[in-house]
Every structure is written in structure tokens, then in C-alpha cells.
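This report concerns only the one structure given below.
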């Protein structure tokens with residue numbers, strides 16, 4: 001019995017001592033300053049990961065628990081370019097001038113459903129708008145690298161007229177079905193009042209943007225082919241031009257501003273030449289001059305015609321390489337393209353104004369993507 005009592009006392013004493021130690025440990029933990037407990041990142045990418053990055057509010061020396069990797073640096077791109085051309089590709093800028101054709105015969109018959117209507121031609125006023133636009137673009141120093149046109153006569157005539165004034169070879173104007181006017185199928189040429197009955201208008205409103213006339217196109221289809229033309233044809237063309245003109249071995253000298261050393265002599269000379277004299281062709285009654293004194297007139301800078309259709313380079317303080325492309329098309333395809341770029345429904349095309357002979361400029365770089373730089377610019381009409 002004595003032995004059992006002694007064992008019980010030992011057990012009770014041990015429990016008391018352990019309880020006292022636990023109390024002291026808890027008291028010590030509560031009194032000490034809080035600290036971040038060590039945490040080991042899980043091997044699974046879906047589990048919360050530890051971030052040792054600081055924030056401006058907390059300070060760089062404090063470890064922060066970052067469950068969703070908000071503070072982590074962005075991962076490297078999946079297909080990163082490890083060549084010397086990468087930096088210059090990111091700095092390169094592409095500008096696309098979308099030009100709506102001038103006034104045509106369809107504008108004089110608003111009661112008819114026009115659509116593509118291959119026989120519609122530019123009116124005398126539309127031709128004057130084309131010449132005024134060419135003079136205005138020349139005054140801004142615009143030099144087209146390439147020119148695309150809708151195959152319809154009114155857009156093609158607009159492109160040829162502008163290119164003649166800008167000394168761009170007519171034979172280099174490329175036709176593309178991707179930028180043609182929206183097809184209204186079997187309705188083209190009919191009276192609007194006959195086709196657009198109240199029942200038809202109600203059906204159009206319910207089905208937009210996927211409604212199409214018999215054998216025609218819908219707004220969504222026009223948007224799709226325009227965006228495909230922009231991202232496929234035009235961006236592919238600019239990449240090809242840059243790779244041909246700027247080999248990787250010469251990119252460093254171009255970035256330092258010495259790009260004229262790698263260009264053909266005639267093009268390099270025209271870049272640094274202040275002005276060249278130009279014969280008055282008599283094609284247009286518009287003339288842009290700057291008077292420096294006396295009776296001397298200097299026209300806008302003109303690049304050598306041999307290289308005009310090959311590449312256009314604009315030197316700036318940032319030494320960015322710019323490619324400029326002209327696209328002569330119609331107002332509705334331009335509207336559909338804008339809805340695609342802005343990420344809104346093609347139904348919103350009626351909220352966008354694109355007038356005859358207007359200029360809409362889109363700008364692209366690998367850093368920002370596509371941006372709308374100018375919309376429905378008709379400043380050249382002040383020359384009329």
C-alpha cells in the first residue's frame with residue numbers, strides 16, 4: 001500500500017510540474033513579440049505559395065503571406081525572343097490608315113439598298129475629296145509602305161487618285177476581298193421601303209448581330225473577316241518588311257540613330273534632305289507650300305520613288321521604327337472592325353460615325369496591342 005501511495009504521489013507531482021511548465025510556456029509565448037512562423041511553399045502550383053517580396057506599405061524587409069502570388073514577379077513569356085531583334089520588335093510601331101471612299105452614286109440614292117453594287121462610281125465631289133485627302137496626307141508627311149484596296153470601283157478609284165498625288169505606284173495597290181463592302185445579297189438594288197417592312201425590322205432587331213439578308217452577310221461575319229485581315233495580313237506584312245530591311249546584325253546601329261547607314265543610298269539621302277523640288281503636275285488645284293522668304297517655295301519631303309513601296313521609316317527621339325499602311329475600304333467594314341478591336345458587340349456599329357473620305361488610324365505595338373489613334377478624321381475637307 002505504501003508503494004502504491006508513493007507511485008500516485010509521483011504521478012500527481014509529475015502532472016503538476018508538467019502543468020506548471022505548460023502555463024509558463026503559454027505565458028511566455030503571449031508576452032513575446034509576434035513573429036512570422038516559417039512556412040514552406042508547396043510543390044503544387046495551385047497551393048498557396050510564400051512570398052518574400054515586400055510592399056510599399058509594409059516595407060521590403062518583412063515577409064508577407066501571399067496566398068495568390070499577388071506580389072510575385074510576372075512569369076517569363078512562354079515564347080520569349082532571345083534574339084537581338086526582340087527589343088526592336090517591341091519598340092516598332094505599325095500605323096494603319098483606314099480610308100473610307102469618297103462620295104459615290106449610292107449617296108445620291110438613299111432610297112435604294114446599295115450593298116456592294118459594283119457599278120457605283122465616285123461622283124465629281126468624291127474625286128475632289130480624294131485629291132484633298134492626298135494633299136492633306138502629304139502635308140502631314142505620311143508615306144505609305146503598302147496600300148490595300150477593296151476591289152469595288154469606288155474604293156479602287158479613291159486609292160488610285162490618292163496614290164497618284166502621293167507618288168505611290170498604282171501597280172503596287174493590292175486588292176483584297178477581305179475589306180470589301182458588306183454584302184446584302186438579293187436585296188441589293190431594291191427599294192428600302194419594299195424590303196425593310198415592320199416585320200423584317202422586328203426580325204432584324206431580334207437576330208442582330210447575326211441577321212443576314214438572303215445570300216448576304218451578317219455584321220458578325222464582316223467583323224470577323226476585318227479583324228482577321230488586320231491581325232493576319234497586315235501584321236504578317238509588317239513583320240516581313242522589318243525582317244527584310246533590318247537584319248539582326250544591324251539592329252544595334254539602328255537603335256543608336258544610325259539607321260541611314262544601313263539603308264540604300266538614295267533612301268538615306270532623302271531622309272536627311274530638307275526638301276526636294278517637285279514639278280507641278282496640274283492634277284490638283286491644291287498645293288501645300290512653305291515660304292522661307294522671297295518667291296522660293298518648298299514642297300513637302302518626298303522619298304525616292306524606287307523605295308517608296310518597300311519600307312517607310314520615321315525617325316523620332318525614341319528611335320522607333322514605324323510602318324505605315326493605307327487601306328481604302330468602306331464605312332461599314334471600318335465600323336465593324338472598330339467594334340471588334342474595342343471588344344463590343346457588332347450591334348454598336350450604328351453608334352460609330354464614319355463619313356465619306358474620312359480617315360481612321362489604328363496603331364499597333366507589341367507592348368500595347370491595337371489602339372484607336374484617330375477616328376473619322378475629315379480635316380482635309382476644309383481644303384474644298
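Residue numbers (UniProt numbering): 1 to 384. We treat Cβ as the ideally placed atom computed from N, Cα and C, and that holds for glycine.
- Message: Since residue 349 and residue 219 should fall inside the 8 angstroms C-beta cutoff, what is the C-beta to C-beta distance between them, to a whole number of angstroms?
- Response: For the purposes of this step, residue 349 is taken as residue 349 along the chain shown, with counting starting at 1. For the purposes of this step, residue 219 is taken as residue 219 along the chain shown, with counting starting at 1. Confirmed, Cβ separation roughly 6 angstroms.
- Return the chain-ordered list of same chain residues with a C-beta closer than 8 angstroms to the C-beta of residue 156, the five sequence neighbours on each side being excluded. Taking the first residue of the chain shown as 1, we reach residue 156 at position 156. So the list reads 149, 150, 173, 175, 328, once near-sequence residues are dropped.
- Task: Taking residue 164 as part of the alpha helix (DSSP H), name the residues at either end of that continuous run.
- Result: Counting from one through the chain shown, the residue named residue 164 turns up at place 164. Here the alpha helix (DSSP H) through residue 164 covers 153 to 165.
- Collapsed DSSP secondary structure at residue 105 in the structure displayed: Taking the chain shown and counting its residues from 1, the one referred to as residue 105 is at position 105. Note: residue 105 maps to helix in three-state DSSP.
- Between residue 324 and residue 231, what straight-line distance do the alpha-carbon atoms span, to the nearest angstrom? Residue mapping note: residue 324 aligns to position 324 of the chain shown, counting from 1. Residue mapping note: residue 231 aligns to position 231 of the chain shown, counting from 1. Roughly 15 angstroms between the two C-alpha positions.
- Message: Helix, strand or coil for residue 140? Go by DSSP, reduced to three states.
- Response: Locating residue 140 in the chain shown gives position 140, where the first residue counts as 1. Reduced to three states, the DSSP call for residue 140 is coil.
- Item | Helix, strand or coil at residue 353 [DSSP, three-state] | If you number the chain shown from 1, residue 353 lands on position 353. Correct three-state label for residue 353: coil.
- Message: Tell me the DSSP secondary structure of residue 172 in three-state form.
- Response: The residue given as residue 172 occupies position 172 in the chain shown. Residue state, collapsed to three classes: helix.
- Run through DSSP, which three-state label would residue 371 get? Here the question's residue 371 lines up with position 371 in the chain shown. Strand, per DSSP.
- Message: Give me the residue from 169, 92, 97 with the minimum Cα distance to residue 360.
- Response: As a position in the chain shown, residue 360 is number 360, starting the count at 1. Minimum Cα distance to residue 360 is reached at 97.
- Message: By the three-class DSSP mapping on this structure, what secondary structure does residue 22 have?
- Response: Along the chain shown, read from residue 1 onward, the residue named residue 22 stands at position 22. DSSP places residue 22 in helix when its eight states are reduced to three.
- Query: Is the CB-CB distance between residue 412 and residue 209 below 8 angstroms?
  - Reply: Any property of residue 412 remains undetermined from this structure, which presents the chain solely from 1 to 384.
- Item | Identity of the residues DSSP links to residue 208 by a beta bridge | On the chain shown, position 208 is the one that residue 208 refers to. Paired residues: none, contrary to the question.
- Anyone know if the C-beta pair for residue 225 and residue 178 falls short of 8 angstroms? Taking the chain shown and counting its residues from 1, one reaches residue 225 at position 225. Taking the chain shown and counting its residues from 1, one reaches residue 178 at position 178. Result yes, Cβ atoms of residue 225 and residue 178 sit closer than 8 angstroms.
- Task: Find out if the Cβ-Cβ distance for the pair residue 181, residue 383 is shorter than 8 angstroms.
- Result: The residue you call residue 181 lines up with position 181 of the chain shown. The residue you call residue 383 lines up with position 383 of the chain shown. No, the pair does not count as a contact, with Cβ atoms beyond the cut-off.
- Message: For residue 368, count the other beta carbons within 10 Å of its own beta carbon; 16 or more makes it buried, fewer makes it exposed. Which is it?
- Response: Position 368 of the chain shown holds residue 368. Exposed.
- Query: Ordered along the chain, which non-local residues of its own chain (more than five positions away) have a Cβ less than 7 angstroms from that of residue 128?
  - Reply: Counting from 1 along the chain shown, the entry for residue 128 is found at position 128. The residues are 384.
- Task: Please classify residue 324: does DSSP put it in a helix, a strand, or coil?
- Result: Translated into positions along the chain shown, residue 324 becomes position 324. Correct three-state label for residue 324: strand.
- Task: My understanding is that residue 375 touches residue 132, with C-beta atoms under 8 angstroms, so please give their C-beta distance in whole angstroms.
- Result: For the purposes of this step, residue 375 is taken as the residue at position 375 of the chain shown. For the purposes of this step, residue 132 is taken as the residue at position 132 of the chain shown. At roughly 19 angstroms, the Cβ-Cβ gap does not stay under 8 angstroms, so residue 375 and residue 132 are not in contact.
- Query: First and last residue of the beta strand (DSSP E) that includes residue 347?
  - Reply: Here residue 347 corresponds to residue number 347 of the chain shown, with the count starting at 1. From DSSP, residue 347 is part of no beta strand (DSSP E); its letter is neither H nor E.
- List the whole-angstrom C-beta distance separating residue 119 from residue 326, where the pair is believed to meet the contact cut-off of C-beta under 8 angstroms. The residue you call residue 119 lines up with position 119 of the chain shown. The residue you call residue 326 lines up with position 326 of the chain shown. With a Cβ gap of about 25 angstroms, residue 119 and residue 326 do not count as contacting.
- Task: Starting from the Cα of residue 236, find the closest Cα among 21, 94, 22 and give me that residue.
- Result: Position 236 of the chain shown, counted from the start, is the residue given in the question as residue 236. The option with the nearest alpha carbon to residue 236 is 94.
- Task: Put residue 148 into one of helix, strand or coil per three-state DSSP.
- Result: Here residue 148 corresponds to residue number 148 of the chain shown, with the count starting at 1. Note: residue 148 maps to strand in three-state DSSP.
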